[in-house]
Amino acid sequence: MPKTLGPLIIGDREIPIPIVQGGMGVQVSTAALAGAVAECGAVGTIAGVGLGYGTEENDTDYPSASRRALQEEIRKAKAMTKGFVGVNLLGALSNFDDLARTAAASGADFIASGAGLPLCLPALTEGFRTLLLPIVSSARAAAIIIKAWKKRYGRIPDGFIVEGPLAGGHLGFKPEELRPPRPGRLEADVLEVLAVTRDCERETGARVPVIAAGGIFDGKDAARFFAMGARGVQIATRLVATVECSVAQAFKELYLKARPEDLVIIESPVGMPGRAIRTRLVDRVLAGERVPFKCGYQCLRTCSPATAPYCIAQAMFNAVAGALDNAVVFAGHNVSRVQEIVPVRQVLECMVREARQALHGLSEAPHAV
Ligand SMILES: Cc1cc2nc3c(=O)[nH]c(=O)nc-3n(C[C@H](O)[C@H](O)[C@H](O)COP(=O)(O)O)c2cc1C
51 MPKTLGPLII GDREIPIPIV QGGMGVQVST AALAGAVAEC GAVGTIAGVG
101 LGYGTEENDT DYPSASRRAL QEEIRKAKAM TKGFVGVNLL GALSNFDDLA
151 RTAAASGADF IASGAGLPLC LPALTEGFRT LLLPIVSSAR AAAIIIKAWK
201 KRYGRIPDGF IVEGPLAGGH LGFKPEELRP PRPGRLEADV LEVLAVTRDC
251 ERETGARVPV IAAGGIFDGK DAARFFAMGA RGVQIATRLV ATVECSVAQA
301 FKELYLKARP EDLVIIESPV GMPGRAIRTR LVDRVLAGER VPFKCGYQCL
351 RTCSPATAPY CIAQAMFNAV AGALDNAVVF AGHNVSRVQE IVPVRQVLEC
401 MVREARQALH GLSEAPHAV
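Heads up, the final residue of the sequence shown is numbered 419 in my numbering, and it's a clean run with no missing numbers.
Take a look at the structure:
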């Protein structure tokens, strides 16, 4: 039972605050948020999906626009801080390989990748010191990645992010597992992934930290996962309601107003369900309407633009631009707990204080496990 909050050690890097800011596309977690989080001593993540959206070049050359925008966001974040800043990439992206190579070559400290097993990631980042963190929603996925990476590349992941069903954004679960989400699922998954990583650590002598994500809102929530053996927690929803997050004010205010009953699970052209706050667009999609769109570049391998119910990239971009009627605004199950817009530092300091108190309380309890 840890009495104090340890640093999060990933590869050769020691991160003082063991809190990871989860990647949030499209353009929710840009350098502005990631750099601010890293500067506080936690982990900042730039979401690599849809960064070129809204630029002129995007309409003529999507891959170049995405690549250039990613290089620029990494440069900006690195200019803000010497802290730990990486990139999140969805496995379903058509230009995944290009963006993974670009992130590594541009000095991203790590790549976190979910929405599909990132089996080729080590090959794409070879020769760079970029640390690799697969995002999984089951111990089975973690075990498959470890086995494949060992066999193909003679290496293992530098850690795992385990994302449960209470998270925001796209979710690695079946819609029926999310309506309503089962409490305790993340806890069970974290314990199972820990069993897999401990075997791997014993066998290889390397450290494979596990980071829990999805529905963790305060330090008390975080302490539960630290007490289980997780070395870090990932949060996202709470960090949208910060001064530094670069989304439109209307997006943040929607978070402040959101009640539990405003959240729905929608199907997405990504091929996974997602948790979002109801908007006019979301209601139309849920009613079975198809919202036609023009597609200049098929940005998702999983999307079929001729039949997709709506364009997820455009809908997410509308959200950050504040055009909420035509937007998909992703949010975690706990969004109704968001009460105010505060600086990033305040969120992180508050969580650390609460987690320390909770861990101390747990270790003092007579029947603490
Ligand atoms: C607005 C929003 C966008 C997100 N976009 C992504 C994304 O592009 N890639 C990804 O792996 N996860 C994405 N997520 C999931 C987060 O990175 C994170 O793991 C999760 O939301 C953590 O749970 P919490 O929101 O309850 O703190 C998104 C979440 C939100 C709220």
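The beta carbon of each residue, even a glycine, is placed where N, CA and C say it ideally should be.
Cβ neighbour criterion (16 or more within 10 Å) applied to alanine 119 = One-based indexing of the sequence shown puts residue 119 at position 69. Buried, because 16 or more other Cβ atoms sit within 10 Å of the Cβ of alanine 119.
9 Å Cβ cutoff met for leucine 58 and isoleucine 261 | Here residue 58 is taken as the residue at index 8 of the sequence shown, counted from 1. Here residue 261 is taken as the residue at index 211 of the sequence shown, counted from 1. For leucine 58 and isoleucine 261, yes; Cβs fall inside 9 Å.
Hey, leucine 289 and proline 319 are a contact pair by Cβ (cut 8 Å); roughly how many whole angstroms apart?
-> Here residue 289 refers to the residue found at position 239 when the sequence shown is read from its first residue. Here residue 319 refers to the residue found at position 269 when the sequence shown is read from its first residue. With 8 Å as the limit, leucine 289 and proline 319 do not qualify as a contact, their Cβ atoms being about 26 Å apart.
Nearest to valine 392 (by Cα), restricted to the options Glu294, Ala371 and Glu64 = Start at 1 with the first residue of the sequence shown, and residue 392 comes out as number 342. The alpha carbon of valine 392 has as its nearest neighbour, out of Glu294, Ala371 and Glu64, the alpha carbon of Glu294.
Got a sec: does ligand 1 put a non-hydrogen atom nearer than 8 Å to the Cβ of alanine 92?
-> For the purposes of this step, residue 92 is taken as residue 42 along the sequence shown, with counting starting at 1. Answer for alanine 92: no, Cβ out of range of ligand 1.
Cβ-Cβ separation, asparagine 138 to alanine 162 (assumed contact under 8 Å), whole Å | Taking the first residue of the sequence shown as position 1, residue 162 is located at position 112. Taking the first residue of the sequence shown as position 1, residue 138 is located at position 88. With 8 Å as the limit, alanine 162 and asparagine 138 qualify as a contact, their Cβ atoms being about 5 Å apart.
Under the three-state DSSP convention, the category proline 68 falls into = For this step, residue 68 is matched to residue 18 along the sequence shown. Assignment of proline 68 by DSSP, reduced to helix, strand and coil, places it in the coil class.
Do three or more CB pairs link the region 74-85 to the region 337-346 at distances below 8 Å?
-> The answer is no - the region 337-346 does not touch the region 74-85, with fewer than three Cβ pairs under 8 Å.
7 Å CB neighbourhood of aspartate 268 in its chain, flanking five on each side removed = If you number the sequence shown from 1, residue 268 lands on position 218. Met401 and Glu404.
Spell out the partners DSSP gives threonine 292 in its beta bridges.
-> As a first step, residue 292 is located in the sequence shown; it is residue number 242 there, counting from the start. Per DSSP, Val392.
Integer-rounded CB distance, given that phenylalanine 301 should sit under 8 Å from glycine 372 | Residue numbering aside, residue 372 sits at position 322 when the sequence shown is read from its first letter. Residue numbering aside, residue 301 sits at position 251 when the sequence shown is read from its first letter. Going by Cβ atoms, the distance from glycine 372 to phenylalanine 301 rounds to 6 Å, so yes, they are a contact pair.
Looking only at its own chain, which residues have a Cβ that is under 7 Å from the Cβ of methionine 51, when we skip the five neighbours before and after it?
-> As a first step, residue 51 is located in the sequence shown; it is residue number 1 there, counting from the start. For methionine 51, the predicted model reports a pLDDT of 48, less than 50, meaning its position is unreliable; a value from the coordinates is still stated below. Around methionine 51, the same chain offers Ala277, Leu412, Ser413 and Ala418 as residues with beta carbons nearer than 7 Å, after the five sequence neighbours per side are excluded.
In three-state terms, what does DSSP make of phenylalanine 178?
-> Translated into positions along the sequence shown, residue 178 becomes position 128. Reduced to three states, the DSSP call for phenylalanine 178 is coil.
Under 9 Å between the Cβ atoms of aspartate 111 and phenylalanine 160?
-> Residue 111 sits at position 61 when you count from the first residue of the sequence shown. Residue 160 sits at position 110 when you count from the first residue of the sequence shown. Result no, Cβ atoms of aspartate 111 and phenylalanine 160 do not sit closer than 9 Å.
Exposed or buried, which one is glutamine 364 when buried takes at least 16 other CB atoms within 10 Å?
-> Reading the sequence shown from its first residue, position 314 is the one you call residue 364. Buried, by the Cβ-count rule.
Using only alpha-carbon positions, find the residue among Glu106, Asp271, Ala115 and Arg179 that is nearest to leucine 149.
-> As a working mapping, residue 149 is identified with position 99 in the sequence shown. Its Cα nearest to that of leucine 149, the residue Ala115 stands out among Glu106, Asp271, Ala115 and Arg179.
In whole angstroms, what separates the C-alpha of serine 296 from that of glutamine 389?
-> As a first step, residue 296 is located in the sequence shown; it is residue number 246 there, counting from the start. As a first step, residue 389 is located in the sequence shown; it is residue number 339 there, counting from the start. If you take the alpha carbons of serine 296 and glutamine 389, they lie about 18 Å apart.
Any idea if aspartate 239 is buried or exposed, counting beta-carbon neighbours within 10 angstroms, 16 or more meaning buried?
-> The residue you call residue 239 lines up with position 189 of the sequence shown. So aspartate 239 counts as buried.
Roughly how far, in whole angstroms, is the beta-carbon of glycine 265 from the beta-carbon of alanine 217, given that I think they are within contact range, below 8 Å?
-> Sequence index remark: in the sequence shown, residue 265 carries index 215 (1-based). Sequence index remark: in the sequence shown, residue 217 carries index 167 (1-based). Right, their Cβ atoms sit about 7 Å apart.
7 Å Cβ shell around isoleucine 67 - same chain, five flanking residues per side excluded = Position 17 of the sequence shown holds residue 67. Taken in chain order, the residues that qualify are Cys90, Gly91, Ala92, Leu398 and Val402.
If you draw a straight line from the alpha carbon of threonine 292 to that of alanine 82, how long is it in whole angstroms?
-> Against the sequence shown, residue 292 aligns to sequence position 242. Against the sequence shown, residue 82 aligns to sequence position 32. The alpha-carbon of threonine 292 is positioned some 11 Å away from that of alanine 82.
Among all the DSSP beta bridges, which residues are the ones paired with serine 163?
-> What you label residue 163 is simply residue 113 of the sequence shown in a count that begins at 1. Under the DSSP definition of a beta bridge, serine 163 partners with Leu139 and Pro184.
Does the beta-carbon distance from threonine 54 to arginine 406 come in below 9 Å?
-> Stepping through the sequence shown from its first residue, residue 54 is reached at position 4. Stepping through the sequence shown from its first residue, residue 406 is reached at position 356. For the pair threonine 54 and arginine 406, the CB atoms are nearer than the 9 Å cut-off.
If you pair each beta-carbon of the region 164-177 with each one of the region 199-207, do three or more pairs fall below 8 Å?
-> With a cut-off of 8 Å, the region 199-207 and the region 164-177 count as touching, because enough Cβ pairs lie within range.
For histidine 43, count neighbouring Cβ atoms within 10 angstroms of its own Cβ and tell me buried if that reaches 16, exposed if not.
-> Past the edges of the chain, shown from 51 to 419, lies residue 43, and the structure says nothing about it.
Glutamine 284 (DSSP reduced to helix, strand or coil) = Against the sequence shown, residue 284 aligns to sequence position 234. Three-state result, glutamine 284: strand.
Does the Cβ of arginine 288 lie closer than 8 Å to at least one heavy atom of ligand 1?
-> Translated into the one-based positions of the sequence shown, residue 288 becomes position 238. Yes, the beta carbon of arginine 288 sits closer than 8 Å to at least one heavy atom of ligand 1.
Figure out for me which residue from Leu331, Leu236, Ala256 and Val332 has the closest Cα to the Cα of arginine 421.
-> Nothing in the structure corresponds to residue 421, since the chain is present only between 51 and 419.
Identity of the residue in Ala153, Tyr360, Glu303 and Lys126 nearest alanine 381 by Cα | Locating residue 381 in the sequence shown gives position 331, where the first residue counts as 1. If we check each option's Cα against that of alanine 381, Glu303 comes out closest.
Just the C-alpha distance for tyrosine 103 and arginine 325, rounded to the nearest angstrom, thanks.
-> Your numbering for residue 103 matches position 53 in the sequence shown. Your numbering for residue 325 matches position 275 in the sequence shown. For tyrosine 103 and arginine 325, the gap between their C-alpha atoms comes out near 22 Å.
Taking C-beta to C-beta, are glycine 166 and serine 187 nearer than 9 Å?
-> Taking the sequence shown and counting its residues from 1, one reaches residue 166 at position 116. Taking the sequence shown and counting its residues from 1, one reaches residue 187 at position 137. For glycine 166 and serine 187, no; Cβs fall outside 9 Å.
Residue interval of the alpha helix (DSSP H) (run including valine 481) | No answer is possible for residue 481: it lies beyond the span of the chain, which begins at 51 and ends at 419.
For phenylalanine 210: DSSP bridge partner residues | On the sequence shown, residue 210 is found 160 positions in, with the first residue counted as 1. Under DSSP, phenylalanine 210 shares a beta bridge with Val260.
Have a look at valine 243 and valine 258 and give me their C-alpha separation to the nearest angstrom.
-> By 1-based counting over the sequence shown, the position of residue 243 is 193. By 1-based counting over the sequence shown, the position of residue 258 is 208. In this model, valine 243 and valine 258 are separated by some 10 Å (Cα to Cα).
Any chance the CB of glycine 411 is under 8 Å from a heavy atom of ligand 1?
-> Your numbering for residue 411 matches position 361 in the sequence shown. No, since every heavy atom of ligand 1 falls outside the 8 Å radius drawn around the Cβ of glycine 411.
When burial is assigned at 16 or more other CB atoms within 10 Å of the CB, is aspartate 271 buried or exposed?
-> For the purposes of this step, residue 271 is taken as the residue at position 221 of the sequence shown. The residue is buried, with at least 16 neighbouring Cβ atoms inside 10 Å.
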